[in-house]
Amino acid sequence: MLRPPIEVLPGLWQLTLPLPFELDHVNTYLLRRGEGWTLIDTGLRTADSYNELVAQLQTIGLPISAITEILLTHTHPDHVGQTRRLLDETGARLVMSREERDQLVGLAHSEDRPQLLTGTMTAAGVPAGLIPRILRGFAQIRLNFDAIEPDAFLEDGAVLDTALGPFQLIETPGHSPGHMCLYSRDRQLMISGDHILQFITPNIGWLPEKDALGDFHRSLQRVFPLEIETILPGHGQIFRGHQPWIAETRAHHDERCEQIRMSVSESPRTAHQLVGDLWARPLAPFHHRFALFEVLAHLEYMQRRNVVTCEILDDGLQLWRSLDS
Ligand SMILES: [Zn+2]
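Its first residue numbered -8, the sequence shown is counted upward by one per residue in the working numbering.
Listed below in structure tokens is the structure:
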């Protein structure tokens, strides 16, 4: 067992499931509601992850059929991969936000997704030889997405009745466009998904027509004043101190924006070149994609705030420059 289940409070368990990545685990939560249990996030679709979940439920003394509801904080593969199988095996109801439903269905259906990604990466200056290697990693990940329709949508501000009292849903876009946190004011406790993660900065990736980094900043600002003693994150340990964490995370992104501004002030750069400027070590294709989309999210944020501008060359290449140079 990766880590035995942790009983946070009577009626609330943390179950840690394995991931075959550098980040080697994801946390899911079991929250008692009425006669049943809500499973918050489901882990990656692997045999190891499934076996681990069943073993941990056994340790707690629950059959898999005790899960009567599945709630997704957001629809990234490490949080949704086992949803289809668990729904089939338990007959549970499924809930997620509308934005996340749209993203999930888009990811599961869209056959032109690789072309979209190729187009974005080509325009960002990624060498043609690297693109198929990045896409290969993505094809594997796509197996985690099913076009599953939820039974109900999670709405910002709505309240879930649980055995621990009311939990308020707080929509926190940024890491994912319809990301949801669950907040108990009575218990001063937040199930934070990937919005707040100790020791890890949540990946903020570019999405078409979104200001992901601007949304993330707004979502951090929203959570900042809440009274929270305990953060229950999607990765890493349970921790306290969300306010210093938010301050550091905001400073980290400001610093990254400043590094990008300085690079493009020296000479116009592609997003791909900026990845080389910002990450000293060479990145594996899988990580290169995350780094690139993170840089693109910062560029989008800075463009919307008139710090940088983007010139599109005849061949479609996007060249970024500083607006004050
Ligand atoms: Zn995530």
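All C-beta atoms, glycine included, are put in the ideal place defined by N, C-alpha and C. None of these values were measured; they are calculated from a predicted model.
Rounded to whole angstroms, what's the CA-CA distance from residue i to residue j? Just pull it up for me.
| i | j | result |
| --- | --- | --- |
| Phe277 | Gln264 | 17 Å |
| Arg272 | Gly156 | 47 Å |
| Pro123 | Ala282 | 17 Å |
| Arg231 | Pro164 | 22 Å |
| Arg247 | Thr29 | 38 Å |
| Thr19 | Arg84 | 17 Å |
| Val266 | Leu308 | 16 Å |
| Ala275 | His166 | 21 Å |
| Arg280 | Val214 | 29 Å |
| Glu208 | Glu43 | Inspection of the sequence shows that residue 208 is occupied by His rather than by Glu. Computed Cα separation, rounded: 35 Å. |
| Gln294 | Asp245 | 14 Å |
| Gly116 | Leu48 | 47 Å |
Is residue i near ligand 1, judged by its Cβ being under 7 Å from some heavy atom?
| i | result |
| --- | --- |
| His67 | yes |
| Asp185 | yes |
| His16 | no |
| Ser258 | no |
| Ser40 | no |
| Ser167 | yes |
| His70 | yes |
Would residue i and residue j qualify as a contact pair, given that the criterion is a beta-carbon distance under 8 Å?
| i | j | result |
| --- | --- | --- |
| Ile55 | Glu80 | yes |
| Pro193 | Asn135 | no |
| Ala149 | Leu160 | yes |
| Pro224 | Ile187 | yes |
| Thr113 | Gly72 | no |
| Ile303 | Gln5 | no |
| Ile139 | Leu77 | no |
| Asp39 | Pro1 | no |
| Phe241 | Leu211 | In the sequence on display, residue 241 carries Arg and not Phe. A contact, by the Cβ cut-off of 8 Å. |
Contained beta strand (DSSP E) runs [length at least 3] in the segment 169 to 245, N- to C-terminal order: 171 to 175, 180 to 184, 221 to 224
Sequence ranges, alpha helix (DSSP H) only - wholly within the segment 253 to 293, length at least 4: 262 to 269
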